[in-house]
Every structure is written in C-alpha cells, then in structure tokens.
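J.: Residue numbers for the sequence shown follow this note's numbering, beginning at 551 and rising by one. Built from N, CA and C at the ideal position, the CB exists for glycine as well. The model shown is predicted, which means the values in this text are computed figures rather than measured ones. After the structure tokens below, expect a handful of questions from me.
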Amino acid sequence: MVDKKKLIGCVLEIYGNDNQIMIARNAKIMNTRIFIKGNHCRVILHESAFVKGGEIWLEDNNTEIHLGEKTTIESAHIAVCENNSKISIGKECMFAHNVEIRTSDSHSILDENGIRINKAADVSIGNNVWLGSRTMVLKGVKIADNTIIGAGSIVTKNIETSNSLSVGSPACVVREKITWKRERIN
551 MVDKKKLIGC VLEIYGNDNQ IMIARNAKIM NTRIFIKGNH CRVILHESAF
601 VKGGEIWLED NNTEIHLGEK TTIESAHIAV CENNSKISIG KECMFAHNVE
651 IRTSDSHSIL DENGIRINKA ADVSIGNNVW LGSRTMVLKG VKIADNTIIG
701 AGSIVTKNIE TSNSLSVGSP ACVVREKITW KRERIN
C-alpha cells in the first residue's frame, strides 16, 4: 500500500500482515532499506518529509514510525523493536548523516532471577530539532522542540529544555535561548 514513485532506489523486505508504508504528498524515501517483520506495523511520512539513505527497521507487532512535515533525514538507522513501540519525529526536523534512533536494545538483559530489565520505550522528538552527524537517540527519550543535538552525542535521557543546544555522552544542555535555521546566514 504505497506509491512506488515515492520509493526511489529502496529495498523493501516486508514480512507479516497488515503492514503499511504511507507517504503523503511531496514526501519521498530514497536509497533506503525498509525492513518490516511483524503485523500491523506502520511507516508514516507526512507532507514533504524526505529520507535519503540508511535503514528503517520495524520488528514485532504494532510498531510505528511517524515523520512530521518537512522533516529531512540523511542516512539514518531508525529501529522500532518490540510490540506497541513507536518513534515519533516532529515537523521540520533535520537529521545529519549516520544518526541512529532506537526504541530497544533488541536483545534481552536479565537480572539474577531471569527477569528482563531492559524493555523497550517510545522515542519522541519534537518539532524543529536538528540532530548532528553520528548522534544516537536511545529508548525512552523525549527531545523538546527547537533543540540542537551536537555531532557525536548520545542522548540517553530526556532533553526537556526548548531552544537549547545539547552535546556529549550522555548529552546534556550546554546552551539555552538559541534557535537554528537550515540556511547559512552571513
């Protein structure tokens, strides 16, 4: 259930039932591997969203990825694993090369009683968020609107301050009361 003209040079591997890739007007996915293994999984690109390169990976049942209007992604690995997990990316975001976003560790870590201690958690990225090259956003993270995450940062906890710059591993706010634009201003 997708307009193939909006999937340019993509590799699709889809296993399961009632899986959908929904691409709105003027949105495109180019040179990207899309792997879906499960049932009732959704990839949703809103108007004028653009993905170029990398991999979109949904595994298990009822998993979803939402990309907001005018969001652009260059060569990212976006993985939604475990039942009922979701990654939600807001409007007008810009993700540089080699960004990784995950809802899960994928494999189990067990305590001494054999009980899993690393369950999946949704990821929510606000509007107008710029993720620098090689940034990682891990499970359970929420990133506020109008933020910048510096190159090579690893986001392990929420970034709750809007109009801020966060860097490091783990990423933390180092500057507030800022914004960003796609255009280079002299």
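Hey, quick one: how far does the beta strand (DSSP E) through ALA629 stretch, first residue to last?
T.: Where ALA629 is concerned, the enclosing beta strand (DSSP E) stretches over 622–631.
J.: Consult DSSP for LYS602 and reduce its assignment to one of helix, strand or coil.
T.: Of the three classes helix, strand and coil, the one that applies to LYS602 here is strand, per DSSP.
J.: Can you find the residues in the same chain that come closer than 8 Å, C-beta to C-beta, to ARG725, ignoring five residues on each side of it along the sequence?
T.: Correct list, in chain order: SER714 and LEU715.
J.: Starting from the Cα of ARG652, find the closest Cα among LYS707, ILE623 and ASP672 and give me that residue.
T.: For ARG652, the nearest C-alpha among the options comes from ASP672.
J.: So, for ARG684: in the same chain, excluding its five sequence neighbours on each side, which residues have a beta-carbon less than 7 Å away from its beta-carbon?
T.: These residues qualify, in order along the chain: ASN648, ALA701 and GLY702.
J.: Roughly how many angstroms lie between the CA atoms of LYS669 and GLU614, to the nearest whole one?
T.: Between LYS669 and GLU614, the C-alpha separation is close to 17 Å.
J.: Which residues mark the beginning and the end of the beta strand (DSSP E) in which LYS636 is found?
T.: Run containing LYS636: 636–639, per the beta strand (DSSP E) assignment.
J.: Taking DSSP's pairing of strands, which residues face VAL673 in a bridge?
T.: VAL673 is bridged to ILE637.
J.: Excluding five sequence neighbours on each side, which residues of the same chain lie with their C-beta closer than 6 Å to the C-beta of GLU632?
T.: Excluding residues within five positions, the ones whose Cβ falls inside 6 Å are ASP610, SER654 and ALA670.
J.: CA-CA distance, GLY718 and LYS689?
T.: Their Cα atoms are separated by approximately 17 Å.
J.: Tell me which residue opens and which closes the beta strand (DSSP E) that LYS578 is part of.
T.: Where LYS578 is concerned, the enclosing beta strand (DSSP E) stretches over 578–580.
J.: Round the Cβ separation of LYS602 and MET580 to the nearest angstrom and send it over; I've been treating them as touching at under 8 Å.
T.: At roughly 5 Å, the Cβ-Cβ gap stays under 8 Å, so LYS602 and MET580 are in contact.
J.: Could you tell me if VAL561 is buried or exposed, where buried requires 16 or more neighbouring beta carbons within 10 angstroms of its beta carbon?
T.: VAL561 is exposed by the Cβ-count criterion.
J.: Ordered along the chain, which non-local residues of its own chain (more than five positions away) have a Cβ less than 6 Å from that of SER638?
T.: If we look at SER638 and ignore the five residues flanking it on each side, its Cβ neighbours are HIS616 and SER674.
J.: Roughly how many angstroms separate the alpha carbons of ILE709 and GLU624, rounded to a whole number?
T.: ILE709 and GLU624: Cα-Cα distance of roughly 22 Å.
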